[in-house]
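*Asks:* Residue numbers (our numbering): 94 to 289. Cβ atoms here follow ideal geometry from the backbone N, Cα and C, with glycine treated the same way.
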Ligand SMILES: Nc1ncnc2c1ncn2[C@@H]1O[C@H](COP(=O)(O)OP(=O)(O)OP(=O)(O)O)[C@@H](O)[C@H]1O
Ligand SMILES: [Mg+2]
């Protein structure tokens with residue numbers, strides 16, 4: 094195993110424990126707080142197509158935020174895994190639409206829902222730092238997906254996390270796609286001028 098991979102694995106182990114503790118001590122309060130922090134301190138132009146995710150394990154829940162964004166007229170899409178494909182595609186999703194179970198057992202929009210390219214991607218993560226680096230589950234899925242989308246159109250990547258998922262300095266390599274911002278239950282961190 095190369096040293097970057099080892100460093101990432103070591104960082105993930107501690108961060109996963111912290112994320113689980115944060116979720117156990119107040120997942121619901123944190124999700125509502127994240128919604129309020131996002132809405133009061135993050136500028137969102139009208140009529141965006143926003144990619145979200147269905148939270149797995151102790152990932153912070155974006156649903157309270159999505160409800161407010163839906164009331165403001167934004168549209169949504171969710172990630173889908175495809176057989177033999179190591180990046181994600183996003184399919185349009187409206188509240189109440191049926192789900193389909195993807196190859197990882199995670200609910201996804203049905204395969205007949207159109208593939209779309211979001212303006213903003215709400216991204217789950219294991220860890221983040223104040224330079225916009227992100228540590229995910231270790232599959233490189235969001236890294237590949239963000240790279241592909243950014244080559245095609247402008248997309249703002251916003252990591253959603255518990256504040257305790259912050260590391261002083263995460264290991265990162267050339268394949269790691271940077272975040273434009275991170276929103277936690279406590280604050281908004283902006284790393285790119287496109288978020289001002
Ligand atoms: N664009 C890419 N091209 C080739 N390999 C890539 C690319 N992006 C990521 N990878 C590879 O994927 C593997 C996992 O990457 P990494 O450990 O950064 O995952 P992650 O960012 O934690 O996971 P995820 O994005 O799925 O949440 C690494 O070997 C990495 O080099
Ligand atoms: Mg990565």
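#1: Can you check whether the CB of residue 257 is closer than 8 Å to the CB of residue 111?
#2: Exposed or buried, residue 128, counting other C-beta atoms within 10 Å across all chains shown (16 or more means buried)?
#3: Does the beta-carbon distance from residue 227 to residue 269 come in below 8 Å?
#4: Could you name the residues, in chain order, whose CB is less than 6 Å away from a heavy atom belonging to ligand 2?
#5: In whole angstroms, what is the alpha-carbon distance linking residue 116 and residue 154?
#6: Closest to residue 209 by C-alpha separation, out of 162, 183, 192, would be which residue?
#7: Taking 8 Å as the threshold, find out whether the stretch 198-206 comes into contact with the stretch 235-252 through three or more Cβ pairs.
#8: CB residue 211 to CB residue 147, shorter than 8 Å?
#9: Mapping the DSSP letters down to three states, classify residue 221 as helix, strand or coil.
#10: Report the rounded CA-to-CA distance for residue 279 versus residue 109, giving the unit in angstroms.
#11: Kindly provide the ranges of any alpha helix (DSSP H) runs that are 4 or more residues long and lie completely inside the stretch 226-274, ordered along the chain.
#12: If we call anything under 8 Å between Cβ atoms a contact, is residue 97 one with residue 233?
#13: When every heavy atom of ligand 1 is checked, does at least one fall within less than 7 Å of the C-beta of residue 101?
#14: With DSSP collapsed to three states, give me the class of residue 137.
*Replies:* The structure says:
#1: In the chain shown, the residue the question calls residue 111 occupies position 18. In the chain shown, the residue the question calls residue 257 occupies position 164. Yes, the pair counts as a contact, with Cβ atoms nearer than the cut-off.
#2: Within the chain shown, numbered from 1, the residue matching residue 128 stands at position 35. Answer is buried; the Cβ neighbour count reaches 16.
#3: Here residue 227 is taken as the residue at index 134 of the chain shown, counted from 1. Here residue 269 is taken as the residue at index 176 of the chain shown, counted from 1. Yes, the Cβ-Cβ distance between residue 227 and residue 269 is below 8 Å.
#4: 229, 233, 236, 269
#5: Numbered from 1 along the chain shown, position 23 holds the residue referred to as residue 116. Numbered from 1 along the chain shown, position 61 holds the residue referred to as residue 154. Roughly 10 Å between the two C-alpha positions.
#6: One-based indexing of the chain shown puts residue 209 at position 116. Of the candidates 162, 183, 192, the one whose C-alpha sits nearest the C-alpha of residue 209 is 183.
#7: no
#8: Position 118 of the chain shown, counted from the start, is the residue given in the question as residue 211. Position 54 of the chain shown, counted from the start, is the residue given in the question as residue 147. Not in contact: residue 211 and residue 147 (Cβ atoms no closer than 8 Å).
#9: Numbered from its first residue, the chain shown carries residue 221 at position 128. Residue 221: strand per DSSP, three-state reduction.
#10: What you label residue 279 is simply residue 186 of the chain shown in a count that begins at 1. What you label residue 109 is simply residue 16 of the chain shown in a count that begins at 1. Each residue's Cα considered, the two are about 19 Å apart.
#11: 234-245
#12: For the purposes of this step, residue 97 is taken as residue 4 along the chain shown, with counting starting at 1. For the purposes of this step, residue 233 is taken as residue 140 along the chain shown, with counting starting at 1. No, the pair does not count as a contact, with Cβ atoms beyond the cut-off.
#13: Position 8 of the chain shown, counted from the start, is the residue given in the question as residue 101. Checking every heavy atom of ligand 1 against the Cβ of residue 101, one is found closer than 7 Å.
#14: Working through the chain shown from its first residue, we reach residue 137 at position 44. Of the three classes helix, strand and coil, the one that applies to residue 137 here is coil, per DSSP.
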